[in-house]
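Numbering (UniProt numbering), first residue to last: 1 to 376.
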């Protein structure tokens, strides 16, 4: 909320460089009304985890305008700063009567809202493939060359249909993986959850080593925990929730998975450590383990343990905004991409869907990890 208020204040001030007179007054009133009403409503919808149905349809134009506003603000601040530096270099004296409106001022909002629309209607649907080779000491020979595909954060609902989920799974299967890892936040719309679970189970035969699933926080928000438990009982999808299981036919390779830790503050870390300990409890000491965890800070637990060469996580959506391959808002300890700690690797997936329907510089992805044996 403080960030939104700060952006509102800056927007009201810097509008003086885009308009003047009655147009400036109208623009300032419009921005204030929008921030109070629309963005206030957005905060309410997000806090109650309502972005499906009518709420989702309402959310999209609000987000388009909000992000467009922020992009325009960034462009204008940069332009004003560059103009100020240029005038200082040239020695142009300050004049209170000088026209304040930037040259070609209309281009700034046009560029901002075009970029916002690109993120909502183009990049959000442009799934990219990323391939990685993971060297693993003492990897069993049966698992040498094995390829694990990862998807995450589908967020079924207004912005990702069951049909799109089916198409995503088919695309992943064509990629040549042996095992599919799903790292949570798939079932995010109660009316769609059952159908999506059937689609997921129907694709289980597409991978030699099956589908392995760990739970995310949105499964709890959308009452999907019983659905995940049923999937675990039926056995068509391997659900690892504070548990682990050996991959049949792959020697001593195990897949472990954790639950999502909801504790806040200092209580988060002991809960996270307890979940990791429970996931690894029955794993033999000589096993090679791949960990699935929705929250990326489990990468630290896996590295400290030493017997988990690869940890696959999600949750952050890669911040959904990036520049030159890096997250623009790295609000998590690990926000996007590969993390290496000693001989241990962790990966933070950018997600395949989103409850925030806009991506710029951070497209959805399918990640493939080829395990290769390295002798000690």
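Think of the CB as a built atom: it goes at the ideal place given N, C-alpha and C, for glycine as much as any other residue.
Query, Result
"Considering only the beta carbon of each residue, do residue 346 and residue 302 sit closer than 8 Å?", "yes"
"Report buried or exposed for residue 430, applying the criterion of at least 16 other Cβ atoms within 10 angstroms of its Cβ.", "Nothing can be reported for residue 430, as the shown portion of the chain is limited to 1 through 376."
"Drop a sphere of 10 angstroms on the beta-carbon of residue 129, count the other beta-carbons inside from all chains shown, and report buried for 16 or more, exposed for fewer.", "exposed"
"Does DSSP classify residue 7 as helix, strand or coil?", "helix"
"How is the beta strand (DSSP E) around residue 180 delimited, first residue to last?", "179-183"
"Can you check whether the CB of residue 179 is closer than 8 Å to the CB of residue 151?", "no"
"Could you say if the stretch 211-223 and the stretch 239-248 meet the contact criterion of at least three C-beta pairs nearer than 8 Å?", "yes"
"Give me, in chain order, the residues of the same chain whose beta-carbon lies closer than 8 Å to that of residue 410; leave out the 5 immediate sequence neighbours on both sides.", "Summary: the structure shown does not reach residue 410, with the chain confined to residues 1 through 376, and so no result is reported for it."
"Contact defined as beta carbons within less than 8 Å: I believe residue 14 pairs with residue 73. What is the distance between those atoms, to the nearest angstrom?", "6 Å"
"Looking only at DSSP bridge pairs, what is residue 214 linked to?", "183"
"Comparing alpha-carbon positions, which option in 116, 314 and 79 lies nearest residue 335?", "314"
"So for residue 351, helix, strand or coil by DSSP?", "coil"
"For residue 124, does the three-state DSSP call read helix, strand or coil?", "helix"
"From the DSSP output, in three-state form, read off residue 281 for me.", "coil"
"Name the one or two DSSP bridge partners that residue 232 has.", "DSSP lists no partner for residue 232."
"Taking the alpha carbon of residue 201 as the point to measure from, which residue in 159, 227, 140 and 359 has its own alpha carbon closest?", "227"
"Looking at C-alpha atoms only, which residue of 69, 256, 105 and 149 is the closest neighbour of residue 112?", "69"
"Can you give the beta carbon distance from residue 222 to residue 188, rounded, assuming they're within the 8 Å contact cut?", "5 Å"
"Can you have a look at residue 191 and say buried or exposed, based on whether 16 or more other CB atoms are within 10 angstroms of its CB?", "exposed"
"Does DSSP classify residue 160 as helix, strand or coil?", "strand"
"In this structure, how does DSSP classify residue 193 when only helix, strand and coil are distinguished?", "helix"
"Over what stretch of residues does the beta strand (DSSP E) that includes residue 26 continue unbroken?", "That residue, residue 26, is in no beta strand (DSSP E); its alpha helix (DSSP H) goes 21-34."
"State whether the stretch 118-133 contacts the stretch 350-367, with contact taken as three or more CB pairs (one from each stretch) at a distance under 8 Å.", "yes"
"My parser needs the beta strand (DSSP E) runs of 3 or more residues fully inside the stretch 234-299; what are they?", "243-246, 253-257 and 288-292"
"Is it true that the CB of residue 356 sits closer than 8 Å to the CB of residue 63?", "yes"
"Can you name, in chain order, every residue of its own chain whose Cβ lies under 7 Å from the Cβ of residue 373, other than the five neighbours on each side?", "136, 139, 141 and 144"
"Relative to the C-alpha of residue 110, which candidate in 100, 101, 65 and 86 has its C-alpha closest?", "65"
"What does a CB cutoff of less than 7 Å around residue 16 pick up in its chain, not counting 5 residues either side in sequence?", "24 and 100"
"Assuming residue 332 contacts residue 316 (C-beta within less than 8 Å), just tell me the rounded distance between them.", "5 Å"
"So what's residue 76 in DSSP terms, helix, strand or just coil?", "helix"
"Since residue 318 is in the beta strand (DSSP E), which residue starts that stretch and which ends it?", "Note, residue 318: premise wrong, no beta strand (DSSP E); not H, not E."
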